[in-house]
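Comments concern the structure below.
Below you can see the structure in the form of structure tokens.
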């Protein structure tokens, strides 16, 4: 089955980010395809490489990056949500005159249309959030 | 895009202010309207407050985005479900909500009500009939 996953909550504050990650891993192990993972609301905070959790805690962001690399998954941060929350890639830094970037490997920033398209193209849209 | 049309339902469950869910959900609905799917929107639980008339946000430093709901008809979003029990539990009636309408091109642009008041069990049937559920 082809899946799009939507993550609506930030890491560490909320279990949604963890649940979505474990769901994605389990789905892949069962042979399902992940068409896209779309991060919205505070979910965009899953995509900052500046995250520095304590050594004895899981690293939510690195976990996503590794998943994307291993399985070549399209992971998208909503541009409007990312701009509000200060998640920046090279293009956004240039467009908005910011002096730094913080997007983590494996993520890209794009529009809400990517979420809608995920709903159109996939057999199931699975939403993680409050 | 020559894809089949799917039934898209956007479910709004949160109060309009206090968290950003309602506002960012509205942004998804507006973007989604460009994709020519069969779109419906639901307001339930505290989400019914999003449609309240006469919202005044001047005291909280937030933009009042409630006028945007009145524009949904212009985006060809004509099916807006409001859950009856959610209104009753909060001491509200339809009169407390904005009067949302759309213009029917096939009937000489006659103005029609967009809001469909449905019971919890009727809403369950509506949701079961959808292809894609966006939950906010």
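Chains as they are written, first to last, in the working numbering: chain A, 847 to 976; chain B, 6 to 141. The beta-carbon is built from N, C-alpha and C at its ideal position, and this holds for glycine as well.
How about residue i: is its C-beta nearer than 8 Å to some C-beta of chain B?
i                      : result
residue 961 of chain A : yes
residue 858 of chain A : no
residue 849 of chain A : no
residue 889 of chain A : no
Compare the C-beta of residue i against all C-beta atoms of chain A and say whether one is closer than 8 Å.
i                      : result
residue 40 of chain B  : yes
residue 12 of chain B  : no
residue 17 of chain B  : no
residue 22 of chain B  : no
residue 140 of chain B : yes
residue 37 of chain B  : yes
residue 26 of chain B  : yes
Using the C-alpha atoms, what's the distance from residue j back to residue i?
i                      : j                      : result
residue 953 of chain A : residue 913 of chain A : 11 Å
residue 91 of chain B  : residue 132 of chain B : 16 Å
residue 855 of chain A : residue 60 of chain B  : 27 Å
residue 69 of chain B  : residue 63 of chain B  : 8 Å
residue 893 of chain A : residue 949 of chain A : 6 Å
residue 932 of chain A : residue 114 of chain B : 44 Å
residue 946 of chain A : residue 934 of chain A : 7 Å
residue 860 of chain A : residue 891 of chain A : 11 Å
residue 905 of chain A : residue 66 of chain B  : 35 Å
residue 922 of chain A : residue 885 of chain A : 6 Å
residue 966 of chain A : residue 40 of chain B  : 9 Å
residue 6 of chain B   : residue 964 of chain A : In this prediction, residue 6 of chain B has a pLDDT of 48, which is less than 50 and means its spatial position is unreliable; nothing more can be read from the coordinates.
residue 896 of chain A : residue 48 of chain B  : 37 Å
Taking residue i as the reference, which of the options has the closest Cα?
i                      : options             : result
residue 50 of chain B  : B:130, B:86, B:37   : B:86
residue 956 of chain A : A:944, A:974, A:936 : A:936
residue 129 of chain B : B:56, B:72, B:89    : B:89
Would you say residue i faces chain D, with C-beta separation under 8 Å as the test?
i                      : result
residue 867 of chain A : As a matter of chain content, chain D is missing from the structure shown, whose protein chains are A and B.
Throw me the rounded Cβ distance for the residue i and residue j pair, which I believe falls under 8 Å.
i                      : j                      : result
residue 140 of chain B : residue 16 of chain B  : 5 Å
residue 880 of chain A : residue 873 of chain A : 6 Å
residue 44 of chain B  : residue 38 of chain B  : 6 Å
residue 99 of chain B  : residue 78 of chain B  : That pair is no contact at about 17 Å.
residue 120 of chain B : residue 102 of chain B : 7 Å
- Message: Taking 8 Å as the cut-off, does the segment 19-34 of chain B touch the segment 955-973 of chain A (at least 3 CB pairs, one atom from each stretch)?
- Response: yes
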